[in-house]
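K.L.:
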């Protein structure tokens with residue numbers, strides 16, 4: 008993969024060695040953050056936040072955006088993969104305290120722990136604490152797991168559902184499991200279903216250390232949750248009572264206005280005589 012990187016300078020402690028390649032649409036790796044607040048040059052910088060979109064579990068050859076955000080302006084952002092500080096340059100596109108790092112054409116070498124940090128221009132020793140770690144996984148390096156629900160058929164709202172994600176028997180070594188809900192950027196823990204339907208599209212397992220190989224995603228699992236009729240009727244009853252109360256209040260107000268108008272008209276002829 009050829010990375011579209013145009014590095015202007017490198018902060019102290021950085022290294023050009025890195026297995027993953029990062030690119031931005033504007034050709035830079037980090038940006039100048041113009042946030043909503045400013046701090047003195049000697050004040051400590053707050054810890055930024057780092058998020059992955061659309062998810063931290065991604066298929067190969069896809070794209071992921073890492074968003075680093077802080078309330079402080081006039082600082083530079085840098086992205087770190089493990090202990091390696093990646094190249095950087097200013098980006099005037101970041102105007103709201105947000106810097107985006109674009110990882111394109113993902114491969115297994117992109118997998119790993121990512122953090123971001125910010126520091127003041129001209130004062131690289133004044134740095135923020137690193138953000139919370141985001142583990143980026145690129146699927147497909149290991150065989151597909153199986154995802155099953157212990158309960159069969161439709162479950163009732165409020166019941167507990169146990170989901171079992173199982174790796175193949177011929178896979179060894181320390182592994183972790185992740186259960187993702189369709190459209191969610193982070194892992195979930197399902198204990199009590201909410202709503203009428205929970206659709207799970209990803210169950211993966213992955214290595215706990217370098218190179219963080221991840222399995223192919225499991226087959227889609229759909230869980231349908233039935234809401235008891237009594238619960239629906241109670242909800243409808245509460246809503247109807249609220250609507251009836253409001254309607255009665257409107258009727259009382261309209262009646263008072265009509266009574267006042269009728270009394271005014273009745274007294275008007277007496278005043279004219």
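Numbering (this note's numbering), first residue to last: 8 to 280. Ideal placement from N, C-alpha and C gives every residue a C-beta, glycine not left out. These figures come from a predicted structure and were not determined experimentally.
With a CB to CB cut of under 6 Å and the five nearest residues on each side skipped, what residues in its chain are close to residue 26?
P.N.:
At residue 26 the pLDDT is 45, less than 50, meaning the model places this residue with poor confidence; the figure from the coordinates comes in the next sentence. Correct list, in chain order: 116.
K.L.:
Check whether the stretch 78-96 touches the stretch 144-156, taking contact to mean three or more Cβ pairs, one atom from each stretch, closer than 8 Å.
P.N.:
Result no; under three Cβ-Cβ pairs closer than 8 Å.
K.L.:
Here's a check: name, in chain order, each residue in its chain whose Cβ is nearer than 6 Å to the Cβ of residue 124, leaving out the five neighbours to either side.
P.N.:
Hits under 6 Å: 85, 134, 135 and 137.
K.L.:
Within its chain, find whatever has a CB closer than 6 Å to the CB of residue 122; leave out the 5 residues flanking it on each side and keep chain order.
P.N.:
Same-chain partners within the cutoff: 87, 137, 138 and 140.
K.L.:
How far does the beta strand (DSSP E) with residue 119 in it reach, from first residue to last?
P.N.:
Where residue 119 is concerned, the enclosing beta strand (DSSP E) stretches over 119-127.
K.L.:
If you run the structure through DSSP and keep just helix, strand and coil, what is residue 3?
P.N.:
Here the chain comprises residues numbered 8 to 280, so residue 3 is not present and cannot be evaluated.
K.L.:
Mind reading off the beta-carbon distance from residue 113 to residue 67? Whole number of angstroms is fine, and I expect it under 8 Å.
P.N.:
The pair is a contact, with the Cβ atoms about 6 Å apart (cut-off 8 Å).
K.L.:
Could you tell me if residue 110 is buried or exposed, where buried requires 16 or more neighbouring beta carbons within 10 angstroms of its beta carbon?
P.N.:
Buried is the call here.
K.L.:
Please tell me whether residue 163 has its Cβ less than 8 Å away from any Cβ of chain B.
P.N.:
Going by chain labels, chain B is absent from the structure shown, which holds only one protein chain.
K.L.:
Which residue from 161, 273 and 212 puts its Cα closest to that of residue 184?
P.N.:
Among 161, 273 and 212, the Cα nearest to that of residue 184 is on 212.
K.L.:
How about residue 187 and residue 64: do their beta carbons lie closer than 8 Å?
P.N.:
Their beta carbons are under 8 Å apart, which means residue 187 touches residue 64 by this criterion.
K.L.:
With H, G and I counted as helix, E and B as strand and the rest as coil, what does DSSP make of residue 273?
P.N.:
Residue 273: helix per DSSP, three-state reduction.
K.L.:
Could you spell out where the beta strand (DSSP E) holding residue 143 opens and where it closes?
P.N.:
From DSSP, the beta strand (DSSP E) with residue 143 extends over 141-145.
K.L.:
Find the nearest neighbour of residue 162 within the set 56, 120 and 234, judged by alpha-carbon distance.
P.N.:
Closest by alpha carbon: 234.
K.L.:
Roughly how many whole angstroms lie between the Cα atoms of residue 263 and residue 169?
P.N.:
Looking at the two C-alpha atoms, the distance is approximately 59 Å.
K.L.:
Contact check, residue 219 vs residue 119 under 8 Å by CB: the rounded distance?
P.N.:
Right, the Cβ-Cβ distance comes to about 6 Å (below 8 Å), so this counts as a contact.
K.L.:
When the Cα atoms are used, what is the spatial distance from residue 261 to residue 155?
P.N.:
When rounded, the distance between both Cα atoms is 60 Å.
K.L.:
Please state whether the Cβ-Cβ distance between residue 333 and residue 83 is less than 8 Å.
P.N.:
Within the shown structure, residues of the chain are numbered from 8 to 280, placing residue 333 beyond reach of any answer.
K.L.:
Let's test the definition: count the other Cβ atoms within 10 Å of the Cβ of residue 272 and tell me whether it reaches 16, buried, or not, exposed.
P.N.:
With fewer than 16 Cβ atoms within 10 Å of its Cβ, residue 272 is classed as exposed.
K.L.:
With a 10 Å radius around its C-beta and 16 neighbouring C-beta atoms as the bar for buried, classify residue 165 as buried or exposed.
P.N.:
Result: exposed.
K.L.:
Is it buried or exposed, residue 267, if we count other Cβ atoms within 10 angstroms and call 16 or more buried?
P.N.:
Flag for residue 267 reads exposed.
K.L.:
Comparing C-alpha positions only, which one of 105, 50, 52 and 225 sits nearest to residue 74?
P.N.:
Checked all of 105, 50, 52 and 225; the closest Cα to residue 74 is 105.
K.L.:
Give me the Cβ distance between residue 78 and residue 53, rounded to the nearest whole Å; I'm assuming they're in contact under 8 Å.
P.N.:
That belief holds up - the Cβ atoms of residue 78 and residue 53 are roughly 7 Å apart, short of 8 Å.
K.L.:
Take the Cβ of residue 265 as the centre, count every other Cβ of all protein chains shown within 10 Å, and call the residue buried at 16 or more, exposed below.
P.N.:
Residue 265 comes out exposed.
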